[in-house]
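Enquirer:
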Amino acid sequence: MRAEQQSFENIARSLTAEETESDGQHPGAAVARDERAAHRREHERAGARRYRPGPGGPPYAPGMAGTGGPTSRTAVMADRSHNEEIDEVAAALERYGPLGRQALEQAVMGRAWGPGRFRTALKDTVEESRAQRLSSGACTPPARAGR
96 MRAEQQSFEN IARSLTAEET ESDGQHPGAA VARDERAAHR REHERAGARR
146 YRPGPGGPPY APGMAGTGGP TSRTAVMADR SHNEEIDEVA AALERYGPLG
196 RQALEQAVMG RAWGPGRFRT ALKDTVEESR AQRLSSGACT PPARAGR
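Going from the sequence shown to this note's numbering is simple: count from 1 and add 95.
(1) Residue range of the alpha helix (DSSP H) that Arg206 falls in?
(2) Compute the Euclidean distance between the alpha carbons of Thr215 and Glu222, then round it to the nearest angstrom.
(3) Which residues in the same chain have their Cβ closer than 7 Å to the Cβ of Trp208, if we skip the five residues on either side of it in sequence?
(4) To the nearest angstrom, how far is it from the Cα of Arg206 to the Cα of Ser176?
(5) What does Arg228 pair with, by DSSP beta-bridge criteria?
(6) Please name the residue, chosen from Asp219, Thr235, Arg136, that lies closest to Ala198 on a Cα-to-Cα basis.
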């Protein structure tokens with residue numbers, strides 16, 4: 096079945112399964128990605144955000160081709176890019192050790208990601224316990240945090 100004919104959850108689940116099979120880097124990374132996606136969906140559906148103005152989501156009819164719309168595909172691709180950015184931040188910390196925010200941003204070329212993307216990736220890397228913040232403002236991989 097084509098991705099346009101599937102719901103966002105099914106697409107995200109299959110992409111996460113693909114990444115888990117090919118990744119093999121961090122054992123908890125797939126679980127953290129699933130939790131992050133679930134949290135994002137809950138956040139979008141809760142509170143006043145449910146009533147924000149705009150076109151909303153595209154109509155979806157399972158039997159009609161082309162009704163899935165590009166929204167779900169772009170959301171999945173954005174999630175995939177975000178997950179790759181988190182992996183890059185964690186890998187740079189593993190490779191170089193403790194780094195300040197600016198040095199880390201230069202190491203992963205975070206400015207090229209777009210406005211706010213590096214900040215969000217760094218925040219999520221820390222939330223997933225793949226990095227820790229030091230009192231000096233620098234970040235370090237969790238294995239080196241005690242040194």
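Backbone N, C-alpha and C fix where the C-beta goes; we use that ideal spot for every residue, glycine too.
Every value quoted in this text rests on a predicted model; they were computed, and no experiment measured them.
Expert: On the basis of the coordinates in this document:
(1) Premise fails: Arg206 is in no alpha helix (DSSP H) and is neither H nor E.
(2) 10 Å
(3) Glu180
(4) 14 Å
(5) Cys234
(6) Thr235
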